[in-house]
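Q: Residue numbers (my numbering): -3 to 205. Heads up, the beta-carbon is just placed ideally off N, CA and C, and yes, glycines get one too. Since we're looking at a predicted model, the values are computed, not measured.
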């Protein structure tokens, strides 16, 4: 398989996974609705940047060790589950979102680095992401593919994921969409919180490979 075909195959599988709703989507949704467009985009960039870490340890072989180590996988699994449950509880307890002044920034928005970190940690602490990238690279990417090129694949995937969730954040914060979310108020927080807690429980119950 040529490197071009290899890259296209890799991206095709990755794109399907990227647009499938999960913890990353719930995270960007929460930040966008609760804190506005800039926070949502920061979370999207955080999710995308986490891909670089997954690719780095996968290319270096560390991901294979984690995927096949019961202890290492269990640590990652419980850390990720606890983090998602914590985010879910925060959503359940959060006050209803409010619309900012027209044309102005969100007055109650937290520092963007916080949303960036939340996005990155949501993706990094998901053990399923570890298994996904290990299996993806081991089945599609040839061992003879230069490491530099493999990191190039990772950069492309990170850019695509950040771009996709940026579009999601922009859509969720258009005036009509955000007004609808704000009208739903506390129910959005409750629904998002329950989804995050459910994902955390699902990860906790996931069996080690």
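Which first and last residues belong to the alpha helix (DSSP H) in which residue 137 is found?
A: Looking at the DSSP string, residue 137 is not in any alpha helix (DSSP H), and its letter there is neither H nor E.
Q: Can you tell me which of 140, 26, 148, 57 puts its alpha carbon nearest to the alpha carbon of residue 183?
A: Residue 26 is the option with its Cα nearest to residue 183.
Q: Which of the three DSSP states, helix, strand or coil, is assigned to residue 32?
A: Residue state, collapsed to three classes: coil.
Q: From residue 137 to residue 19, what does the alpha carbon distance come to, in whole angstroms?
A: Near 26 Å, if we compare the C-alpha coordinates of residue 19 and residue 137.
Q: Just the C-alpha distance for residue 171 and residue 29, rounded to the nearest angstrom, thanks.
A: Going from the Cα of residue 171 to the Cα of residue 29 covers about 11 Å.
Q: What residue range is occupied by the uninterrupted alpha helix (DSSP H) comprising residue 150?
A: Segment 143 to 168, the alpha helix (DSSP H) holding residue 150.
Q: What is the DSSP secondary structure of residue 121, counted as helix, strand or coil?
A: Here residue 121 sits in coil by DSSP.
Q: If you run the structure through DSSP and keep just helix, strand and coil, what is residue 57?
A: If DSSP states are grouped into helix, strand and coil, residue 57 belongs with coil.
Q: To the nearest angstrom, how far is it from the Cα of residue 11 to the Cα of residue 32?
A: About 26 Å.
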